[in-house]
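For reference, the structure is listed below as structure tokens.
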Amino acid sequence: DLAGGFLMASRLGLVIAAAFVGMELGVITPGMNTVLIIMAIITCVLSPLLYNIIFKQKAISDEKTVIVGGSSIGVLLSRRLQMHGRSSVIIERNRERYEEIKAKGLDAFYGDGTNVKVYERIGLKKENFILVFTGQGPVDEAICQMLRNELFHERIISKPENLKEEIALRNLGVDVIDSRLVIAATLENMILKPTAHHALIDSFENYIVEDLEVISPEVDGRQIKEIHLHKDGMLMLLTRGHEKQVPHGDTYLRKGDRLTVFGTATAIDQIRQKMSGK
Numbered sequence: 190d191l192a193g194g195f196l197m198a199s200r201l202g203l204v205i206a207a208a209f210v211g212m213e214l215g216v217i218t219p220g221m222n223t224v225l226i227i228m229a230i231i232t233c234v235l236s237p238l239l240y241n242i243i244f245k246q247k248a249i250s251d252e253k254t255v256i257v258g259g260s261s262i263g264v265l266l267s268r269r270l271q272m273h274g275r276s277s278v279i280i281e282r283n284r285e286r287y288e289e290i291k292a293k294g295l296d297a298f299y300g301d302g303t304n305v306k307v308y309e310r311i312g313l314k315k316e317n318f319i320l321v322f323t324g325q326g327p328v329d330e331a332i333c334q335m336l337r338n339e340l341f342h343e344r345i346i347s348k349p350e351n352l353k354e355e356i357a358l359r360n361l362g363v364d365v366i367d368s369r370l371v372i373a374a375t376l377e378n379m380i381l382k383p384t385a386h387h388a389l390i391d392s393f394e395n396y397i398v399e400d401l402e403v404i405s406p407e408v409d410g411r412q413i414k415e416i417h418l419h420k421d422g423m424l425m426l427l428t429r430g431h432e433k434q435v436p437h438g439d440t441y442l443r444k445g446d447r448l449t450v451f452g453t454a455t456a457i458d459q460i461r462q463k464m465s466g467k
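If you read the sequence shown in my numbering, its first letter stands for residue 190, the second for the next number, and so on.
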């Protein structure tokens, strides 16, 4: 709304016409007329710029990830999201730890994650992912319970400490991280696919893996070879419903397809724009 207000503030033609009528009627002086026109020109130049800045900030805010608990995992995740150009905010109840996180250049909010008003203050939206990692199982469970039952939020991820907590979180509809499976999968990759594993881990700052949805009508029904994609990007996997396939040049894209893409940040941005039509 504020961004729209800036955009509507520029009315150069109306101001010039009003100033001309005022001059004709003798209501304003030539000097005042000049001032009004200069102000109108400045407003017309600055208003679109201010609109773009505010609207962009709002878009980033809508996509932010909320991390409850300033643990080392939360801080590392926030940094990695930052590399992807995604915003995040860490909710931390310990003042000293909160100051440390802020000093690292990360966005943080000083407050108790068990307090429902904290989420109102940070402007939580239904699109936002919430990661609950305080390191205290019962506290994590209580936060997830509050988020589901009081705020009716659906996009919640947490890591249970034991089977009892896992069952409770799953019953709440929380996406649960199975640390045993994550560690086993990592070890499997290190043993069976060491080159690929280290290439992804060691070159994280240069290369990204991301899932993109095909939205644009311009690519719907077209073959991949007909679409100009950045040379530093590669389509690794195509998911259509429950089916998965390795895409190639003759593969037709359909609206709603999900593409797993590997490449540089620039390449990913270009492919994202192509698939979203933005």
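Glycine included, C-beta positions come from ideal geometry on N, C-alpha and C. Just so we're clear, the structure is a prediction, and the values are computed from it rather than from any experiment.
Uninterrupted beta strand (DSSP E) stretches at least 3 residues long and entirely within the region 255–311 occur at 277–281 and 297–299, given in chain order.
Judged by beta-carbon spacing, residue 341 lies beyond the 8 Å limit of residue 254, meaning their Cβ atoms are not closer than that value. Within the model, the alpha-carbon separation for residue 360 versus residue 334 is close to 10 Å.
In its chain, beyond the 5 residues on either side, 441 and 442 have a beta carbon closer than 8 Å to the beta carbon of residue 411. Residue 299 sits away from residue 308, with the two beta carbons spaced by 8 Å or more.
Membership of residue 347 in the beta strand (DSSP E) is indicated by the continuous run 345–347. Taking a cut-off of 8 Å on C-beta distances, the region 455–466 touches the region 417–435, as three or more cross pairs fall below it. Boundaries of the beta strand (DSSP E) around residue 434: 432–434. In the three-state DSSP reduction, residue 408 falls in the coil class, being neither helix nor strand. Taking a 10 Å sphere around the C-beta of residue 306, we find fewer than 16 other C-beta atoms and assign the residue as exposed.
Nearest to residue 267 by C-alpha distance, out of 379, 301, 407 and 297, is 297.
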